[in-house]
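Working notes, structure below.
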Amino acid sequence: MTFGRRSASRSGVRVPRGGAFLFALGLFCLGGCTVGPQYVRPSAEVPASYAEGGIWKPAQPSDAAPKGSWWDVFDDPQLNALEEQINVSNQSLRVAQDQFLQARAAVRIARAGLFPSVTGGASVAPTHQSSNQPSFNRSSEAVNYTTYLLPVDVSYEADVWGSVRRTVEASRSEAQASAADLANVNLSLHAELALDYFQLRGLDAQKQLFDSSVAAFEKALSLTETRHNGGVASEVDVAQARTLLETTRAQATDLGVQRAAFEHAIAVLIGKPASSFHLQALPLSTPPPSIPAGAPSDLLERRPDIAAAERRMQEANAQIGVARAAYFPLINLTGSGGFESAALGTLLQGPSAFGELIAAATQTLFDAGRRHAVSDQARAAYDQSVATYRQTLLVALQEVADNLAALQVLADEAKQEDVAVESAQHSVALSLNRYRGGVTSYLEVVTAQNIALADQRTAVDILTRRLAASVLLAKAIGGGWNVSQIPRI
Numbered sequence: 002m003t004f005g006r007r008s009a010s011r012s013g014v015r016v017p018r019g020g021a022f023l024f025a026l027g028l029f030c031l032g033g034c035t036v037g038p039q040y041v042r043p044s045a046e047v048p049a050s051y052a053e054g055g056i057w058k059p060a061q062p063s064d065a066a067p068k069g070s071w072w073d074v075f076d077d078p079q080l081n082a083l084e085e086q087i088n089v090s091n092q093s094l095r096v097a098q099d100q101f102l103q104a105r106a107a108v109r110i111a112r113a114g115l116f117p118s119v120t121g122g123a124s125v126a127p128t129h130q131s132s133n134q135p136s137f138n139r140s141s142e143a144v145n146y147t148t149y150l151l152p153v154d155v156s157y158e159a160d161v162w163g164s165v166r167r168t169v170e171a172s173r174s175e176a177q178a179s180a181a182d183l184a185n186v187n188l189s190l191h192a193e194l195a196l197d198y199f200q201l202r203g204l205d206a207q208k209q210l211f212d213s214s215v216a217a218f219e220k221a222l223s224l225t226e227t228r229h230n231g232g233v234a235s236e237v238d239v240a241q242a243r244t245l246l247e248t249t250r251a252q253a254t255d256l257g258v259q260r261a262a263f264e265h266a267i268a269v270l271i272g273k274p275a276s277s278f279h280l281q282a283l284p285l286s287t288p289p290p291s292i293p294a295g296a297p298s299d300l301l302e303r304r305p306d307i308a309a310a311e312r313r314m315q316e317a318n319a320q321i322g323v324a325r326a327a328y329f330p331l332i333n334l335t336g337s338g339g340f341e342s343a344a345l346g347t348l349l350q351g352p353s354a355f356g357e358l359i360a361a362a363t364q365t366l367f368d369a370g371r372r373h374a375v376s377d378q379a380r381a382a383y384d385q386s387v388a389t390y391r392q393t394l395l396v397a398l399q400e401v402a403d404n405l406a407a408l409q410v411l412a413d414e415a416k417q418e419d420v421a422v423e424s425a426q427h428s429v430a431l432s433l434n435r436y437r438g439g440v441t442s443y444l445e446v447v448t449a450q451n452i453a454l455a456d457q458r459t460a461v462d463i464l465t466r467r468l469a470a471s472v473l474l475a476k477a478i479g480g481g482w483n484v485s486q487i488p489r490i
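Here you go:
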């Protein structure tokens with residue numbers, strides 16, 4: 002609807018003054034009509050429980066379930082302090098926040114289409130007419146005059162078929178999906194930091210193991226050298242003891258490369274330069290906490306990526322309505338109003354007022370199948386969004402099942418490895434006693450020490466993997482997030 006200055010070239014239907022209001026009222030009443038399908042969330046196959054649940058079945062009550070700061074369940078003050086810095090300093094999170102703000106602004110842009118646009122102005126037009134123009138009457142027409150004009154232009158396209166409302170619905174759904182994307186980025190960043198942190202602490206545990214092994218091997222080398230000096234042990238025994246010691250030292254040094262990489266990754270996650278960030282060594286020692294996975298259906302409410310996919314289904318559904326509305330006429334109200342006078346003193350008086358209201362309907366008669374193609378495109382996009390939603394749900398179920406299985410298997414493996422470590426340490430003690438007694442060569446001691454060290458490293462690796470699986474499980478079940486946190490917009 003455009004309200005502007007009167008023009009003889011306007012096209013459309015001029016509505017009588019008394020009928021203009023009734024006509025406009027009828028259009029607003031028709032505004033309740035919205036074409037296109039109403040959104041209903043498609044069904045998806047969700048099992049009743051996880052086959053890999055084991056001891057990680059749903060808790061009753063669910064007090065142990067992760068909350069907002071889900072990393073608190075690990076009871077690690079150093080980890081907690083690092084996690085809190087992500088929300089303040091992480092740049093990837095800021096990118097996602099800005100994307101959400103853009104999407105929310107797009108909703109306001111779409112909503113503006115529900116209202117008329119109003120413009121106003123003022124003009125002064127001094128005019129000098131030619132006295133030699135045809136039919137100029139010197140006795141009645143002024144050669145010089147000034148026109149003062151205060152026009153108001155209003156433009157409004159009536160949303161009779163709901164195209165604007167569907168656009169608003171689509172923009173709102175996209176903004177909500179963007180909010181869920183933000184939550185998913187937040188969850189992923191916190192999980193990535195926890196993974197890097199536990200990997201780093203696992204390396205600290207390995208370094209502690211190597212350092213203690215180096216100390217033990219130094220004593221063994223000293224014993225061998227003493228026996229060699231006494232003529233009891235051979236030079237071969239000394240060489241074997243020294244080789245094992247130096248090899249272990251080299252392996253301990255090599256851990257510094259991996260530790261530095263994880264330390265630098267953590268620095269980037271909390272928004273600090275890698276060169277100025279350092280974490281004190283803190284070896285792993287405690288097993289992972291029990292994290293209830295809940296029921297599979299809970300993922301529909303607790304996974305932000307699933308929520309984002311669901312919101313984009315509604316967005317795609319709304320776009321079908323936008324495409325459908327293109328088959329119906331466009332209804333425009335145009336008009337003009339304001340004041341016009343040849344004298345500034347009479348500009349705002351009643352006789353100087355003018356106004357005009359024009360209603361026009363435009364229908365596309367031929368577009369070579371464009372609207373049909375756009376409609377097909379919208380329906381295909383909706384079908385794609387449904388497939389994406391169902392695939393996202395399947396992947397989520399897989400991630401939970403994978404980490405439940407990993408936790409269960411690794412818990413069993415940890416018990417078996419503890420027995421192996423104990424047995425290997427006993428074997429080392431026996432071999433050293435046999436060597437001191439001159440019953441066996443030092444090769445038996447070296448072999449036993451290598452096996453013991455390998456078993457101890459495996460035990461540390463299993464503990465690290467168990468903590469990593471716990472982090473991934475917390476992430477897979479949504480980390481305490483809930484769809485109620487999506488803004489209504």
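Quick note: the sequence shown uses the working numbering, first residue 2, plus one each step.
Don't be surprised by glycine CBs; every beta carbon is placed ideally from N, CA and C.
Counting C-beta pairs closer than 8 Å gives three or more between the stretch 326 to 340 and the stretch 360 to 378, which meets the contact rule. Counting the other Cβ atoms within 10 Å of the Cβ of D160 gives 16 or more, which makes it buried. Distance check between Q252 and each of A388, N187, D205, G351 places D205 closest, using alpha-carbon atoms only. In this structure, DSSP gives A360 an extended state, which the three-state scheme calls strand.
Cα atoms of Q103 and E170: separation of roughly 16 Å, rounded to the nearest angstrom.
Looking at the DSSP output, Y146 shares a beta bridge with T128. Secondary structure at G370: coil, using DSSP grouped into helix, strand and coil. DSSP, reduced to helix, strand and coil, places E46 outside both helices and strands of the structure shown, so it counts as coil. A check of alpha carbon separations from I452 across V461, V429, Y443 identifies V429 as the nearest. Only exposed fits N434, as fewer than 16 other CB atoms lie within 10 angstroms of its CB. Contact annotation: Q177 and R304 have beta-carbon atoms that are not nearer than 9 Å. Boundaries of the beta strand (DSSP E) around V119: 118 to 121. In the DSSP annotation of this structure, the continuous segment of the beta strand (DSSP E) that includes F340 starts and ends at 331 to 342.
Residue pairing by DSSP puts S156 in a beta bridge opposite S118, T335. Between the stretch 375 to 385 and the stretch 455 to 471, the count of C-beta pairs closer than 8 Å stays below three; the two stretches do not touch.
A354 has F340 as its beta-bridge partners, per DSSP. Within a 10 Å sphere around the beta-carbon of P297 sit 16 or more other beta-carbons, which makes this residue buried.
Out of L473, S337, P488, S485, the CA that lies nearest to the CA of L188 is found in L473. Between E302 and N185, the CB-CB gap reaches or exceeds 9 Å. By the 16-neighbour rule on beta-carbons within 10 angstroms, V89 is exposed. The Cβ neighbour count for Y51, taken over all protein chains shown within 10 Å, is at least 16; the residue is labelled buried.
Cβ-Cβ separation between P290 and S70: approximately 14 Å, too far for a contact (criterion under 8 Å). Going by DSSP, K476 is part of the alpha helix (DSSP H) stretching over 443 to 477. Close CB contacts of A45 within its chain, under the 6 Å cut and outside five residues either way in sequence, are with R391, L394 (chain order). One thing to note: V269 has its Cβ no nearer than 9 Å to the Cβ of L246.
Residue burial annotation: P274 is exposed, with fewer than 16 other C-beta atoms found within 10 angstroms of its C-beta.
Collapsing the DSSP output to three states places L83 in a helix. Cβ-Cβ distances below 6 Å link A317 to A382, Y383, S386 in the same chain, with the five nearest sequence neighbours on each side left out; the list follows chain order. Counting other Cβ atoms within 10 Å of its Cβ, K220 stays below 16 and is therefore classed as exposed. By the criterion of at least three beta-carbon pairs nearer than 8 Å, the stretch 118 to 133 is in contact with the stretch 146 to 162.
For the set Y443, G438, R466, H373, the Cα lying nearest the Cα of A406 is the one of R466. Annotated three-state conformation of L151 is strand, per DSSP. For D462, the closest C-alpha among the options L210, L334, V119 is that of L210.
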